[in-house]
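Numbering (my numbering), first residue to last: 1 to 256. Backbone N, C-alpha and C fix where the C-beta goes; we use that ideal spot for every residue, glycine too.
Quick look at the structure:
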């Protein structure tokens, strides 16, 4: 299961059925769970914990030191969950002590070729980052978000759950839950209706979210005024509650 040409540090902990391709390098303080397949020419640095049934393709760099100039070699970490696919040339860096000290990747995510996840990012579950997408340090990406190819996200931004960004979107502020965004810089373009239908959201929930979008973006209200109006929908619609929360917890402000 482990190619004789791979270089694996004696302190690395690999489950018995992990596959490692030729010329891959797995450093100290790396732990890899059952069923994970590491292709050829992959570099995994530690401290990093990689879960079960992940597949990491050739030339990916996972758990490398971050590119933050303040980083001084502290033992920060990367934690990756299960069933993720990391395609060719993807780079995922460990955290910094200026944040929580770790970069966190959830489950069932797809990182297409040459995507970049910087230090201290938190990526949820079922996220798709298309080719050449890059998220800067401290970015949070919610569950089921889809970032189109060449999307660039500024540090500290939050991408809400079920967001969809078009190709080459430049994100400088937070994107609330369920929103479709596109452009340089990103502008809202409605609710991600098709995505929500595919994931089993009820017609009523989608209708309520469309009403909420109109209040937030179409009624010429300030964010504070829109939140006051949206809170009137809260008892009837938990999906709107999630949208409200993503706006209320924004530290950079939301796209408008």
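Q. Helix, strand or coil: how does DSSP classify residue 106 here?
A. coil
Q) So, do the stretch 1 to 9 and the stretch 48 to 64 have three or more beta carbon pairs nearer to each other than 8 angstroms? A) no
**Q.** Validate contact between the stretch 103 to 119 and the stretch 60 to 68 using beta carbons, cut 8 angstroms, 3 pairs
**A.** yes
Q.
Taking a contact to mean a Cβ-Cβ separation below 9 angstroms, would you say residue 157 touches residue 130 in this structure?
A. no
Q | residue 268 versus residue 95 - alpha carbon distance | A | With the chain running from 1 to 256 in the structure shown, residue 268 is simply not present.
Q. Grouping DSSP H, G and I as helix and E and B as strand, with all else coil, what is residue 48?
A. strand
(Q) Within the continuous alpha helix (DSSP H) that includes residue 254, where are the two ends? (A) Counting along the chain, residue 254 falls outside any alpha helix (DSSP H), and DSSP gives it neither H nor E.
**Q.** The alpha helix (DSSP H) enclosing residue 230, as first and last residue numbers
**A.** 223 to 230
Q.
Taking the straight line between their C-alpha atoms, what separation do you get for residue 151 and residue 103?
A. 20 angstroms
Q: Could you tell me the distance, in whole angstroms, from the CA atom of residue 169 to the CA atom of residue 10?
A: 43 angstroms
Q) If you check the beta carbons only, do residue 33 and residue 18 fall under 9 angstroms apart? A) yes
**Q.** For residue 173 and residue 249, the rounded distance between their alpha carbons
**A.** 12 angstroms
**Q.** Residues sharing a beta bridge with residue 140, DSSP
**A.** 122, 158
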